[in-house]
Amino acid sequence: MNPVHLETLLAIVDEGSFEYAATVLGITPSAVSQRIKSLEAATGRVLLRRANPVTATDAGEILVQSARRMALVQAETDARLGQRLQRVPLSVAVNNDTLATWFKAVMAEMAQYGDAALRLRVEDETRTLSMLRRGDVLGAITHESAPVSGCVSEYLGTMRYVAVSTPDIKSRFTTELGLAWRQMPLVIYGPQDAILDQAMRDRQVELHVIRGRVSQIPTSEAYLEAVRIGLGWGVLAEIQVQQYLDSGDLVALDGDDIEVDLYWQRWRLESEVLEKLTSSVISAARTALPQRK
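Residue numbers for the sequence shown, in full-length UniProt numbering: 1 to 293.
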């Protein structure tokens with residue numbers, strides 16, 4: 001199978017379009033199309049869904065996995081031979097809360113390594129594994145312990161989430177029967193947040209009942225700030241919010257914390273830079289997160 005065609009397939013999937021892939025590869029969109037047609041003819045399969053963005057079909061995902069492995073090995077080989085001043089691309093799926101907290105230490109360590117570049121894909125930890133299966137990334141932070149086929153899984157630690165608000169909100173909505181959850185304003189990340197969904201179910205809060213009192217803030221840092229200034233109550237990682245609990249700016253609403261075990265899953269591939277990334281991820285996580293007893 002032509003490695004140039006596989007490189008082109010990978011570029012299209014990563015960039016999301018034939019035109020952007022052409023720009024990255026330094027060729028015309030027509031040449032990109034011809035390469036994919038040749039690859040599809042050689043495999044006898046349709047490899048891409050021509051949508052916006054362009055995505056791989058089931059058959060295409062198999063080739064994307066192979067192409068990404070080849071790209072990593074080739075980049076490392078070239079670096080060792082001194083043939084290219086090219087950083088090794090490391091695609092990683094990570095959730096927002098992790099990126100906003102302990103993963104910063106991973107980025108700092110990889111920056112010192114010098115020969116690696118990170119390409120982070122942000123997704124909820126309940127869905128990062130699907131990106132690993134598709135070959136979109138070579139490593140993922142996930143809550144699933146069972147390794148994907150061709151991957152290894154390593155326990156990292158336990159992320160604890162707490163329901164918090166300002167003291168004023170807690171005071172205003174505390175009744176003789178307890179907290180009036182259905183009356184309190186709420187801050188959400190977005191429509192797909194498994195942790196907050198669980199917290200709401202545990203407290204019998206339904207979005208359609210309180211919709212007029214819901215704010216949507218789609219980034220971890222801004223979400224924390226929204227809760228801190230009193231826009232509503234929210235659910236935050238304990239390691240992210242601890243300083244505000246200590247200062248009294250925020251208070252825990254109850255003791256029904258949610259604990260999520262996190263795992264690092266990555267391809268079973270002999271790669272110096274991937275081993276370095278794995279070491280950094282495990283070290284950073286185990287330093288920052290409570291460990292299961």
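We put the beta carbon where it would ideally sit given N, CA and C, even for glycine.
Helix, strand or coil at V122 [DSSP, three-state]: strand
Counting only C-beta atoms, is W233 closer than 8 angstroms to chain C at any point? The structure shown contains no chain C, having only a single protein chain.
Just verifying my parser: in three-state terms, what is the DSSP assignment at L236? strand
Pick from P53, R45, A41 and L245 that is closest to A11, judged by C-alpha positions: P53
Using the beta-carbon count (16 or more within 10 Å), is L39 buried or exposed? buried
Which residues bound the beta strand (DSSP E) around L156? C151 to S165
Any idea if H208 is buried or exposed, counting beta-carbon neighbours within 10 angstroms, 16 or more meaning buried? exposed
Could you tell me the alpha carbon to alpha carbon distance between L85 and Y113, rounded to whole angstroms? Residue confidence is low: L85 scores 43 on pLDDT, short of 50, so the model does not pin down where it sits. Its coordinate-derived value is still stated next. Taking the straight line joining both Cα atoms gives about 14 angstroms.
Contacts around Q192, its chain only, beta-carbon distance under 7 angstroms, and the 5 residues preceding and following it disregarded: D124
Have a look at the DSSP bridge pairing and note the partners of A252. V164
In three-state terms, what does DSSP make of V92? strand
On the premise that R213 lies in contact with L186, defined as a C-beta separation below 8 angstroms, what is that separation, rounded to the nearest angstrom? 6 angstroms
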